[in-house]
Amino acid sequence: MPVAPQSAGRRERNKQEKLDRIIAAASELFAEHGIDEVTTQQIADKADIGTGTLFLYAKTKGELLLLVQNAKYAEALEQGRQDAETIPGVLDAVLAIVRPIVECNRTQIDNGRTYLREMVFGDPEEPRHSEALTIVAQTEQAIAAVLRRDERVTEGDAATLAHIVSAVTFLSTAASVNIALSVEEIVRDIRGQVDVLLPR
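Under the working numbering, the first residue of the sequence shown is numbered 1, with each subsequent residue one higher.
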């Protein structure tokens with residue numbers, strides 16, 4: 001028997017409400033305690049759902065972290081894009097895109113490092129990982145667009161350089177040797193590396 005459109009809509013709203021509660025619960029607990037100190041049971045309890053229901057939305061804590069951080073990463077990228085539009089210099093505009101992403105991943109350092117590790121080494125077919133990789137691709141497209149402001153940079157070179165900037169950002173943000181560095185110090189490190197890449 002076909003499902004009535006109204007009940008299908010209600011079911012979708014209920015699913016979205018549960019997802020929103022899961023994201024809010026995981027976000028709060030991860031921010032307060034860090035991903036390693038939080039259990040899936042604590043997240044389920046805080047979201048007021050069963051653990052079985054939780055696993056329908058995310059099968060691991062890594063996926064839960066992706067669920068939480070992807071939204072923050074997307075917001076950071078949007079902020080960076082907007083900031084870059086008003087900055088004429090190529091290097092400064094690239095860093096305007098990068099800075100909010102670094103800030104996003106340094107809010108809770110262990111969570112940010114785990115997020116980047118999950119993103120890079122996770123299953124790209126899993127929806128949360130796929131979403132993260134899509135945001136990375138969008139970031140690289142935004143950086144490439146800024147790099148193309150310099151007419152000496154071809155479209156192909158801009159894409160390659162943007163990929164390198166992305167890799168530099170990931171490594172600088174996630175590297176163990178940089179754990180104690182501030183956002184400013186990490187951005188300065190990224191700036192020095194990106195500056196060497198740009199045409200002179």
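Heads up, the beta-carbon is just placed ideally off N, CA and C, and yes, glycines get one too.
Suppose you measure from the CA of residue i to the CA of residue j; what does that come to, to the nearest Å?
i	j	result
residue 220	residue 159	This structure cannot speak to residue 220, because the chain is shown only from 1 to 200.
residue 97	residue 188	14 Å
residue 209	residue 58	The chain is shown from 1 up to 200; residue 209 falls before or after that span and cannot be answered.
residue 34	residue 152	45 Å
residue 42	residue 52	13 Å
residue 89	residue 143	13 Å
residue 3	residue 11	With a pLDDT of only 49 at residue 3, under the threshold of 50, the placement of this residue in the model should not be trusted; the figure read from the coordinates follows. Approximately 10 Å, taken between the alpha carbons.
residue 115	residue 135	13 Å
residue 125	residue 67	15 Å
residue 24	residue 199	44 Å
residue 113	residue 174	5 Å
residue 49	residue 13	15 Å
residue 76	residue 108	15 Å
Within its chain, find whatever has a CB closer than 8 Å to the CB of residue i; leave out the 5 residues flanking it on each side and keep chain order.
i	result
residue 148	155 and 158
residue 38	26, 29, 30 and 61
Please identify the residue among the options whose C-alpha is closest to the C-alpha of residue i.
i	options	result
residue 165	200, 181 and 101	101
residue 192	50, 177, 172 and 82	172
residue 178	13, 44, 18 and 105	105
residue 71	163, 133, 161 and 146	133
residue 19	86, 32, 47 and 162	47
Within a Cβ cutoff of 7 Å, which residues of the same chain sit near residue i, ignoring the five residues on either side of it in sequence?
i	result
residue 63	126 and 128
- [ ] Can you check the segment 37–116 for any alpha helix (DSSP H) of at least 4 residues that lies completely inside it and give the ranges in chain order?
- [x] 40–47, 51–57, 61–85 and 90–106
Task: Within the segment 126–156, ranges of the alpha helix (DSSP H) (whole runs, at least 4 residues) - done: 127–147
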